[in-house]
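Novice: This is the structure I want to talk about, given as structure tokens.
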RNA sequence: GGCCCCGUAGCUCAGUGGAUAGAGCGGCAGACUUCGAAUCUGCGUGCGGAGGUUCGACUCCUCCCGGGGCCA
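Residue numbers (the numbering used here): 375 to 878.
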């Protein structure tokens with residue numbers, strides 16, 4: 375959903391052109407404030423040269439109140455230069471909306487569940503889980519801001535081989551014995567052993583603390599044990615057959631590349647997929663319109679089988695969405711390490727936060743595309759953190775807060791008399807925000823926000839250096855401009871779970 | 001062998017059909033008696049390779065090469 379000032383202009387141009395028009399920002403200033411390629415797209419069907427169509431459109435567009443002048447360029451682009459009145463309208467819209475600007479754009483709100491992290495409570499959260507958390511939470515925040523109702527869920531194993539192994543490892547430690555073969559040996563095992571109580575419960579408490587500190591609030595914590603109770607009810611609902619002493623689900627009929635085993639006939643024990651299906655059913659029965667799973671790239675095989683589960687249960691598979699992010703690799707001494715919680719040679723979320731800080735950690739983990747694998751060199755983390763762009767963006771916010779403190783209750787306005795290039799650029803950047811948010815939400819790609827925020831901070835810093843806000847001949851307008859900038863910076867940072875400080 | 005992700009500047013990465021492909025880091029040279037210098041200004045012969053689609057391709061299609069992952 376573009377800003378209203380853009381939508382209005384597009385609608386007027388559509389009326390003139392008789393075809394859909396989308397405006398884009400040219401990279402070069404001499405190509406105008408906005409441009410459209412509508413003449414290029416229309417030329418083939420009209421049998422006229424694109425430039426001729428563009429010339430006619432330019433003459434008509436120049437009559438619009440928002441348009442100062444319209445020019446034809448290149449193969450047939452229409453370049454528009456806008457009036458101060460248009461800028462005032464655009465800025466007024468932002469000031470009116472404040473931090474709500476750019477949000478609440480969905481046509482029909484959905485009840486969405488985002489299941490994320492869901493790491494086994496056999497150790498503290500790793501940086502791999504932290505990426506899941508940072509990415510999943512940013513997607514959830516975007517969906518909320520868009521106008522949906524979102525719940526965050528954490529699913530954890532409280533039964534199974536790894537859990538038993540973890541308990542045995544801690545108990546062996548308490549008795550002063552060696553851990554079992556393939557058991558857990560990390561330092562945190564000793565710390566848990568030194569305290570009373572069930573190791574799994576303690577670990578789970580620790581994980582909850584870590585996630586809260588990481589600014590993620592979960593609405594529900596679901597136990598594997600509880601979900602598995604639904605298995606006997608769900609198996610009869612599926613398309614199954616018996617072969618090789620096993621009951622199979624015919625998932626290959628629903629887009630999976632092969633069928634999945636459900637029940638071992640010899641002892642009636644349930645296999646892993648049976649639990650997956652029971653969980654899918656459980657989620658749908660709780661009334662969600664959309665289920666989102668956030669999984670690492672090593673789980674990409676789950677996509678087809680989870681969608682097959684939804685289909686077999688009679689739900690539209692489109693309502694079940696699996697977001698896959700690429701893995702985090704640990705690099706130490708220039709060499710990649712094989713991360714293993716069991717052996718303890720892994721980097722934990724807590725260590726990353728200790729080295730680079732909470733804001734830099736959240737920023738860093740979400741600022742790369744989720745399709746991009748991340749390397750973390752922990753030795754370099756602190757050094758790099760001092761140069762993290764998050765501080766550049768936060769500084770812009772703090773600077774504005776300082777100006778507004780000094781301004782007291784001075785009046786702010788959207789009306790500028792004469793607009794400098796830096797003021798036009800800053801307003802156009804703010805006008806981009808609703809599009810950035812919508813696209814980031816629809817593509818489940820929150821990394822667009824850090825990138826946008828850097829450009830916004832950049833435009834602000836440049837403006838700041840060339841123009842005084844207070845005690846200038848345009849104080850009210852410039853106060854309006856920086857106030858709008860502050861609101862959009864704060865919202866952008868909030869969407870990725872980073873704080874927007876008033877002082878640094 | 002099948003499937004998924006990636007190859008863009010020295011390094012880390014943006015850019016899912018538009019004009020002369022961008023930012024951060026690193027490097028060099030400048031700017032504070034003025035609202036916060038954690039800032040600003042200037043300096044850049046790069047899209048792995050080959051075909052194809054299009055008025056127009058980093059972007060879409062096919063094949064090849066290279067890196068990561070899952071399954072067999």
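Virtual Cβ for every residue (Gly too), placed ideally from N, Cα, C.
Whose C-alpha, out of 780, 510, 377, is nearest the C-alpha of residue 528?
Specialist: The option with the nearest alpha carbon to residue 528 is 510.
Novice: Would you check if the distance between the CB atom of residue 480 and the CB atom of residue 663 is smaller than 8 angstroms?
Specialist: no
Novice: On the DSSP bridge assignment, give the partners of residue 454 in chain order.
Specialist: 408, 444
Novice: Could you please give the first and the last residue of the uninterrupted alpha helix (DSSP H) stretch that includes residue 594?
Specialist: Per DSSP, residue 594 belongs to no alpha helix (DSSP H); it is in the beta strand (DSSP E), 594 to 597.
Novice: Roughly how many angstroms separate the alpha carbons of residue 536 and residue 602, rounded to a whole number?
Specialist: 17 angstroms
Novice: Run through the DSSP bridge pairs and tell me what residue 620 is partnered with.
Specialist: 617, 638
Novice: Should the segment 617 to 633 be called in touch with the segment 654 to 669, which here means at least 3 C-beta pairs below 8 angstroms?
Specialist: No contact exists between the segment 617 to 633 and the segment 654 to 669.
Novice: Closest by CA to residue 518, which one among 773, 441, 812?
Specialist: 812
Novice: Using DSSP's beta-bridge definition, name the partner residues of residue 500.
Specialist: 722
Novice: How is residue 760 classed by DSSP in three states: helix, strand or coil?
Specialist: Taken through DSSP and simplified to helix, strand or coil, residue 760 comes out as coil.
Novice: Let me confirm a value: residue 506 is counted as buried when at least 16 other C-beta atoms fall within 10 Å, else exposed. Which label applies?
Specialist: buried
Novice: With DSSP as the reference, label residue 643 as helix, strand or coil.
Specialist: strand
Novice: Going by C-alpha distance, which of 742, 634, 638 is nearest residue 675?
Specialist: 634
Novice: Classify residue 759: buried if its beta carbon has 16 or more other beta carbons within 10 angstroms, exposed otherwise.
Specialist: Buried, since its Cβ has 16 or more Cβ neighbours within 10 Å.
Novice: Would you grab the beta carbon distance between residue 590 and residue 526 for me? Rounded to a whole angstrom, and I think it's under 8 angstroms.
Specialist: The pair is a contact, with the Cβ atoms about 7 angstroms apart (cut-off 8 angstroms).
Novice: How far does the alpha helix (DSSP H) with residue 854 in it extend, from its first residue to its last?
Specialist: 849 to 869
Novice: By how many angstroms is the C-alpha of residue 432 removed from the C-alpha of residue 830?
Specialist: Separation of residue 830 and residue 432 (C-alpha to C-alpha, rounded to the nearest whole angstrom) is 30 angstroms.
Novice: How about residue 733 and residue 873: do their beta carbons lie closer than 8 angstroms?
Specialist: Result yes, Cβ atoms of residue 733 and residue 873 sit closer than 8 angstroms.
Novice: Tell me whether the beta-carbon of residue 854 lies closer than 8 angstroms to the beta-carbon of residue 469.
Specialist: Going by C-beta atoms, residue 854 is nearer than 8 angstroms to residue 469.
Novice: Indicate whether the contact test is met: 3 or more Cβ pairs, each with one atom in the segment 680 to 687 and one in the segment 489 to 506, closer than 8 angstroms.
Specialist: no
Novice: How many angstroms separate the CA atom of residue 606 from the CA atom of residue 748?
Specialist: 41 angstroms
Novice: Pair every Cβ in the segment 610 to 630 with every Cβ in the segment 565 to 573, then say whether three or more of these pairs are closer than 8 angstroms.
Specialist: no
Novice: Name the DSSP bridge partner or partners of residue 528?
Specialist: DSSP, once it has assigned bridges, lists 595 as partnering residue 528.
Novice: Would you report the Cα separation of residue 643 and residue 498, rounded to the nearest angstrom?
Specialist: 30 angstroms
Novice: Is residue 488 near residue 764, with beta carbons less than 8 angstroms apart?
Specialist: Taking the C-beta atoms as reference points, residue 764 is found no nearer than 8 angstroms to residue 488.
Novice: With DSSP as the reference, please indicate the residues paired to residue 703 in a beta bridge.
Specialist: 749
Novice: Okay, do the segment 797 to 807 and the segment 824 to 840 touch, 3+ Cβ pairs below 8 angstroms being the bar?
Specialist: yes
Novice: Which residue marks the beginning of the beta strand (DSSP E) containing residue 689, and which one marks its end?
Specialist: The continuous stretches of beta strand (DSSP E) do not include residue 689, and DSSP gives it neither H nor E.
Novice: Go ahead and label residue 878 buried or exposed: buried means 16 or more other beta carbons lie within 10 angstroms of its beta carbon, across all protein chains shown.
Specialist: exposed
Novice: Using a Cβ-based criterion (distance less than 7 angstroms to any ligand heavy atom), does residue 502 qualify as near the ligand NAD?
Specialist: Because no ligand of any kind appears in the structure shown, any question about the ligand NAD cannot be addressed here.
Novice: DSSP three-state label for residue 768, please.
Specialist: helix
Novice: For the 8 angstroms Cβ check, are there 3 or more pairs between the segment 435 to 448 and the segment 836 to 843?
Specialist: no
Novice: Using the DSSP secondary-structure output, state which residues sit across from residue 669 in a beta bridge.
Specialist: 698
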